Amino acid sequence: MARRERRVEFDEVWMRRYLIAANWKMHGSLEMVHKFAEGFDQGVDLGADVVLFPPAVYLGAVQGLTSKYVQLGMQDVGVASEGAHTGEIAASMVKDVGGSWVIVGHSERRTDQSESDVLVAQKFASAIAADLSPIVCVGETLAQREAGDAFAVVSKQLQAVIELCGVSALVKGAIAYEPLWAIGTGLTATPEQAGQMHASIRELVAGLDQDTAQAVRIIYGGSVNPENAGLLFAQDEIDGALVGGASLQAASFAAIVAAI
Ligand code: PEP
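Right, dumping it as structure tokens:
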């Protein structure tokens, strides 16, 4: 079925455009930013939201070098709106410098910074309050999958956001399903495994609000590359990708975007 036919109208806005996001994590340099911008010359609207998440300090440099069809975001955001919080960056500041997206609850932060489901939900709320679009990452470990707990884990992570922000807030951002065992490992969930989890997430949301379920974008992350992107995007329930390693080179990220 053609992708375009699957889009649904929600509040008079066409939703479920593909969302393809590049999470550079703590990689990059000014030199890399220039090289990437030379190779990633997106001059048209491909019918997708293409978002780059460089390390925060390079946001301005990336912004100066990319076209209007490339949006920008931060890999994390503070909960407080301002004040004595050394090292934190407020959502309003992201907005102020031209960012429109943030990632919250990436598994690396949940692990390295011990971010709880509640804190992730608070970050989601602070992004929404500043009129940013938050991508909330959810996903299970291999042990949790093997124990049959994958959906319970994902559902608990998502419920924290829904409880604090309300289910309809999900439409203002997106959900990224990122199984931890597939991040940076070269192991990708099969299109069927990912599709099944995405369908279960959509069902969970539909149990609370049908319109939100139809409109919310659920993207997949975990070793997406130019070779597997097309098969993943062919799944009805997969609305795009959060790409780590393969987003560091312009050519491979462009090939993933082209796979839509
Ligand atoms: C990520 O950083 O969210 C990610 C999915 O990384 P990778 O594509 O390298 O697995």
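If you use this note's numbering, the sequence shown corresponds to residues 21 to 280, in order. All C-beta atoms, glycine included, are put in the ideal place defined by N, C-alpha and C. Computed from a predicted structure; not experimentally measured.
Exercise. Can we count Glu160 as close to the ligand PEP, meaning its CB is less than 7 Å from some heavy atom?
Worked result: Numbered from its first residue, the sequence shown carries residue 160 at position 140. No, since every heavy atom of the ligand PEP falls outside the 7 Å radius drawn around the Cβ of Glu160.
For this session: Could you check the C-alpha separation between Gln91 and Phe171 for me, to the nearest Å?
Result: On the sequence shown, residue 91 is found 71 positions in, with the first residue counted as 1. On the sequence shown, residue 171 is found 151 positions in, with the first residue counted as 1. In a straight line, the C-alpha of Gln91 is about 31 Å away from that of Phe171.
For this session: Spell out the partners DSSP gives Val97 in its beta bridges.
Result: As a position in the sequence shown, residue 97 is number 77, starting the count at 1. Beta-bridge pairing links Val97 to no other residue.
Exercise. Which word fits Ser292, buried or exposed, when buried means at least 16 other C-beta atoms lie within 10 angstroms of its C-beta?
Worked result: The question about residue 292 has no answer, for the chain in this structure spans 21 to 280.
For this session: Compute the distance between the beta-carbons of Val97 and Val124, then report whether it is under 8 Å.
Result: Against the sequence shown, residue 97 aligns to sequence position 77. Against the sequence shown, residue 124 aligns to sequence position 104. In this structure, Val124 lies closer than 8 Å to Val97 by Cβ.
Problem set entry | Buried versus exposed, by CB contacts within 10 Å (16 or more), Lys88 | Position 68 of the sequence shown, counted from the start, is the residue given in the question as residue 88. So Lys88 ends up on the exposed side.
For this session: Determine the direct distance from the alpha carbon of Trp44 to that of Ser120, and round the result to whole angstroms.
Result: To locate residue 120, count along the sequence shown from 1; it is residue 100. To locate residue 44, count along the sequence shown from 1; it is residue 24. So the alpha carbons of these two residues sit roughly 16 Å apart.
Exercise. Comparing the CB of Leu262 with every heavy atom of the ligand PEP, is any distance shorter than 7 Å?
Worked result: Here the question's residue 262 lines up with position 242 in the sequence shown. At least one heavy atom of the ligand PEP is nearer than 7 Å to the Cβ of Leu262, so yes.
For this session: Leaving aside the five residues before and after Ala141 along the sequence, list all residues of the same chain whose C-beta is less than 6 Å from its C-beta, in chain order.
Result: The residue you call residue 141 lines up with position 121 of the sequence shown. For Ala141, where only same-chain residues beyond five positions count, the Cβ hits under 6 Å are Ala180, Val181 and Leu184.
Problem set entry | Euclidean distance between Cα positions of His54 and His47 | By one-based count along the sequence shown, residue 54 stands at place 34. By one-based count along the sequence shown, residue 47 stands at place 27. Those two C-alpha atoms are separated by around 14 Å.
Exercise. From Gln230 to Leu190, what distance separates their C-alpha atoms?
Worked result: Reading the sequence shown from its first residue, position 210 is the one you call residue 230. Reading the sequence shown from its first residue, position 170 is the one you call residue 190. A direct Cα-Cα distance of roughly 12 Å separates Gln230 from Leu190.
Exercise. So the beta strand (DSSP E) Val64 belongs to, where does it begin and stop?
Worked result: Walking along the sequence shown from the start, residue 64 turns up at place 44. Counting along the chain, Val64 falls outside any beta strand (DSSP E), and DSSP gives it neither H nor E.
For this session: Note down the Cα distance separating Ala104 from Glu58, rounded to an integer number of angstroms.
Result: One-based indexing of the sequence shown puts residue 104 at position 84. One-based indexing of the sequence shown puts residue 58 at position 38. Ala104 and Glu58 have their C-alpha atoms spaced approximately 39 Å apart.
Exercise. To which residues of the same chain is Asn248 closer than 7 Å at the C-beta, ignoring the five residues directly before and after it?
Worked result: For this step, residue 248 is matched to residue 228 along the sequence shown. The answer, listed in chain order, is Thr208.
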